[in-house]
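> Below are the structure tokens for one structure; questions will follow.
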Amino acid sequence: NCSNNVAEYQALIFGLEMAVDTKQRHLKVYGDSQLVINQLLDLYEVRNSELLPYHNYAKRLMG
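Be aware that the sequence shown starts at 1, since it is given in full-length UniProt numbering, and climbs by one per residue.
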């Protein structure tokens, strides 16, 4: 069981890991979760402690 936002982060991370593994240098990411997108753009604060590890890992993958 996981929240929709966790699932959104997991899907994003899967795609980012694939991009890193295949040495993609430029990537456009599209999503329908305003929360996740705005958190990654640092427009929204990550207040949910469950999302913080996903957020931090995604940011690291984004370089």
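Heads up, the beta-carbon is just placed ideally off N, CA and C, and yes, glycines get one too. Small disclaimer: the values here were computed from a predicted structure and weren't measured.
Note down the Cα distance separating Tyr57 from Gly31, rounded to an integer number of angstroms.
Working through the sequence shown from its first residue, we reach residue 57 at position 57. Working through the sequence shown from its first residue, we reach residue 31 at position 31. Those two C-alpha atoms are separated by around 17 Å.
> Could you check whether the segment 18-30 touches the segment 42-59, counting it as contact only if at least three pairs of C-beta atoms, one from each stretch, sit closer than 8 Å?
No: the two stretches stay apart, fewer than three of their Cβ pairs being nearer than 8 Å.
> Please work out which residues of its chain come closer than 6 Å, Cβ to Cβ, to Ala19, disregarding the five sequence neighbours upstream and downstream, and give them in chain order.
Counting from one through the sequence shown, the residue named residue 19 turns up at place 19. Here the set comprises Leu27.
> Please go through the segment 19-63 and give each complete alpha helix (DSSP H) segment of 4 or more residues, from N-terminal end onward.
Those alpha helix (DSSP H) runs which fall completely within the segment 19-63 and span 4+ residues are 34-40, 52-62.
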